[in-house]
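For reference, the structure discussed in these notes is given below.
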């Protein structure tokens, strides 16, 4: 009887090598993704940043490859500031709405749903993600159209005045929901909602029941438990979800083209500037804006203690 | 003596009414004020559910629970003047130790300075005066347990509930905490009710205990009552791993034809006697050796104190015992 068994082949020898040199395995596993992140992702980000410091010659339309802040100054023109502000407001209210809508759903799924109900929850949340984004947006265009199901139902129940009321609010005007900024907002909320529900549900699932019981045991009402225990512990999930809803809204250029009054958002501006207008530097400068906004947002969230429970 | 907690025919059933799981099944219980009361039983015996019925996390399916005479059937947990030390401590991870302890005062609306002063007092009481600024994650298991204790005591509850309070601690720490808990209970004069599956813990800490089995109370009494005079075979077997003698064996040993219990430490080995058996297992315990003898197909344990001769496995030996230690449980 020997203490060492003979290797059974190349796989055994390789496993042995990895066991003796664990760093080798780590190196082999991590190099491809690091290359991807380093070259493709950070590289393109650097190229983007570089482009944003170039400018375009106003007569020839040729990109001048020398350092200037002129392009960034252009962002502060009223019509461009307008785009940034509109996008920011939209992203903020879409994120807030998603968080408010997602909370009860995620809470139910995390705390009460079991067995088949849990499966139904995951299916319900994921199912929309399985179908094409474009199809969903066009479907919403039809739903929100004047002759769409919402208008039809409102007509039938005599509640059409609610829709006309919304459409007469300054800033939300349109001939129907599908041509009003309110429609853009509805579709944004619908499309990004799953990205808020899933991380929120994961965060709530990690809050043990005993923690809620401890809070009640110590004399907290349900409202106090929600504010002082559930919400702080769910905050990392809310932030994770809001990174999706916020940055996806900041960058999206399809929904505002299809639903709404065609006013421009950052994504749409980038799309048009790098395409038809051929103004790559300004497009790049526009693309830097969401990155800065996200950095500021995460900094504020960190300072507010959103990551304390991590 | 007033009763701190009384159960009147309390049941708690789970699952469908047609085939319920009877977690607690018709329990009658009186816990005197100022006592250190243990609920002892194997897992699934209903002891934890009873504790949760007192704190209000479970509602009885039937029956009535009173705390200091007041019916609490319709009182939610946050309005009950009882506090709980949870098995997993349930400290709030996002709050530091001081805020954790002050939590109960915070939700009552006490001003920050006042509640921090109270919290620091409580932390001093559990010997963690310098730990107020730490997060729970930075504490050891024993320290978290103390924080949980301070947090439960800060509200000055009339009854303190402890759910397997020492289960997660290592032996040395557990023994130290047992002494401390007992001393604390004496000093505060509160009613402590604790749940445990560890019979040694229940016997050494409690002044009254209830032994649970299958959702029912098998026996209530002082530790001595229960240890020396177990009411049923279950209690005899569960509390202190007693020898349970079937009627025939009791008779062979010179007693009446009844079920009986005999403590291992009251059982001796003798050169001759009415009942003999083969030694099947030996376990060295430090203070003595536990010898298991197969007598007429029943395993009997005897404790041979240190310094006395210990038989070898396979030896044949007779059994002797102190007749006063034989506790008869009736039945044939």
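Chains as they are written, first to last, in the numbering used here: chain Z, 1 to 310; chain P, 1001 to 1332.
We treat Cβ as the ideally placed atom computed from N, Cα and C, and that holds for glycine.
Keep in mind it's a predicted model, so treat the numbers as computed, not measured.
**Item:** Minimum C-alpha distance to residue 1324/P - residue among 1098/P, 1301/P, 1267/P
**Value:** 1267/P
**Asked** Which residues of chain Z have a Cβ atom closer than 9 Å to the Cβ of residue 1074/P, listed in chain order?
**Response** By Cβ distance, chain Z contributes nothing, its closest Cβ being about 15 Å from residue 1074/P, past 9 Å.
**Request:** Can you give me the start and stop residues for the beta strand (DSSP E) that residue 1334/P sits inside?
**Result:** Because chain P here runs from 1001 to 1332, residue 1334/P falls outside it and cannot be looked at.
**Item:** Contact set between residue 174/Z and chain P, taken where Cβ atoms lie within less than 9 Å
**Value:** What residue 174/Z touches in chain P: nothing, since even the nearest Cβ is about 44 Å away.
**Asked** For the beta strand (DSSP E) that contains residue 1268/P, what are its first and last residues?
**Response** 1267 to 1270
**Item:** Beta-carbon spacing of residue 106/Z, residue 200/Z below 8 Å
**Value:** yes
**Message:** If the criterion is Cβ atoms closer than 8 Å, does the pair residue 196/Z and residue 241/Z meet it?
**Reply:** Yes, Cβ-Cβ distance for residue 196/Z and residue 241/Z is below 8 Å.
**Secondary structure of residue 80/Z, DSSP reduced to three states** = Looking at residue 80/Z - three-state DSSP - the assignment turns out to be helix.
**Prompt:** Is the region 1081 to 1094 of chain P in contact with the region 1018 to 1038 of chain P, if contact means three or more CB pairs nearer than 8 Å?
**Reply:** no
**Message:** Between which residues of its own chain and residue 102/Z is the CB-CB distance below 7 Å, once the five residues before and five after are set aside?
**Reply:** 193, 196, 197, 200, 241
**Request:** Measuring only between beta-carbons, confirm whether residue 1090/P sits less than 8 Å from chain Z.
**Result:** Interface annotation, residue 1090/P: in contact with chain Z, CB-CB separation under 8 Å.
**Message:** Do residue 1314/P and residue 1279/P count as a contact pair if the criterion is CB distance below 8 Å?
**Reply:** Closer than 8 Å, so yes.
**Asked** Alpha carbon to alpha carbon, what distance is there between residue 1219/P and residue 1329/P?
**Response** 13 Å
**Within chain Z, the residues that residue 1043/P reaches when beta carbons sit closer than 9 Å** = The premise fails here: residue 1043/P is roughly 17 Å from chain Z at the closest Cβ pair, so nothing lies under 9 Å.
**chain Z contacts made by the region 1015 to 1049 of chain P, where a contact means CB separation under 7 Å** = none
**Item:** Partner residues on chain P for residue 229/Z, Cβ-Cβ distance less than 7 Å
**Value:** 1092
**Asked** In terms of alpha-carbon separation, which member of 1094/P, 1320/P, 1186/P lies closest to residue 1265/P?
**Response** 1320/P
**Request:** Check the Cβ of residue 982/P against every Cβ in chain Z and list those closer than 9 Å, keeping chain order.
**Result:** In the structure displayed, chain P extends from 1001 to 1332; residue 982/P sits before or after that span and is not available.
**Prompt:** Three or more C-beta pairs closer than 8 Å, one from the region 1241 to 1255 of chain P and one from the region 1292 to 1299 of chain P: is that the case here?
**Reply:** Touching, yes, given that three or more Cβ pairs across the two stretches are closer than 8 Å.
**Cβ neighbours of residue 1038/P in the same chain (closer than 7 Å, five flanking residues each side left out)** = 1194, 1196, 1202, 1205, 1206, 1209
**Message:** To be precise: take each residue of the region 1102 to 1116 of chain P, compare its Cβ to all Cβ atoms of chain Z, and keep it if any distance is under 8 Å. Which residues remain?
**Reply:** 1103, 1104, 1106, 1107, 1108
**Request:** Could you tell me the boundaries of the alpha helix (DSSP H) in which residue 118/Z lies?
**Result:** 116 to 130
**Message:** So residue 252/Z contacts chain P; which residues on that side make the cut at Cβ distance below 9 Å?
**Reply:** None at all; the shortest Cβ gap to chain P is about 33 Å.
**Prompt:** Leaving out the 5 sequence neighbours to the left and right, which residues in its chain are closer than 7 Å to residue 1061/P when beta-carbon positions are compared?
**Reply:** 1011, 1012, 1013
**Prompt:** Taking the alpha-carbon positions, what's the residue 1153/P to residue 1146/P distance?
**Reply:** Between residue 1153/P and residue 1146/P, the C-alpha separation is close to 10 Å.
**Item:** When 1126/P, 1042/P, 1111/P are compared against residue 1182/P, the one with the closest alpha-carbon
**Value:** 1126/P
**Message:** Quick check on DSSP: helix, strand or coil for residue 33/Z?
**Reply:** helix
**For residue 1186/P, the three-state DSSP class (helix, strand or coil)** = The answer is helix: DSSP assigns residue 1186/P an H, G or I state.
**Prompt:** Do residue 246/Z and residue 86/Z have their C-beta atoms closer together than 8 Å?
**Reply:** no
**Prompt:** Could you give the C-beta distance for residue 187/Z and residue 137/Z, rounded to a whole number, given that I count them as a contact under 8 Å?
**Reply:** About 6 Å; that satisfies the 8 Å criterion.
**Item:** Beta-bridge pairing of residue 1083/P - partner residues as DSSP gives them
**Value:** 1160/P
**Request:** Report the rounded CA-to-CA distance for residue 1160/P versus residue 117/Z, giving the unit in angstroms.
**Result:** In a straight line, the C-alpha of residue 1160/P is about 37 Å away from that of residue 117/Z.
**Message:** Taking the alpha-carbon of residue 290/Z as reference, which of 32/Z, 83/Z, 33/Z, 3/Z has the nearest alpha-carbon?
**Reply:** 83/Z
**Message:** One question on the structure: do residue 1040/P and residue 1006/P come within less than 8 Å of each other, judged by their Cβ atoms?
**Reply:** no
**Prompt:** In this structure, what does DSSP give as the bridge partners for residue 64/Z?
**Reply:** 55/Z
**Request:** May I ask which residues mark the beginning and end of the alpha helix (DSSP H) holding residue 1011/P?
**Result:** Careful: residue 1011/P lies outside any alpha helix (DSSP H), inside the beta strand (DSSP E) at 1003 to 1014.
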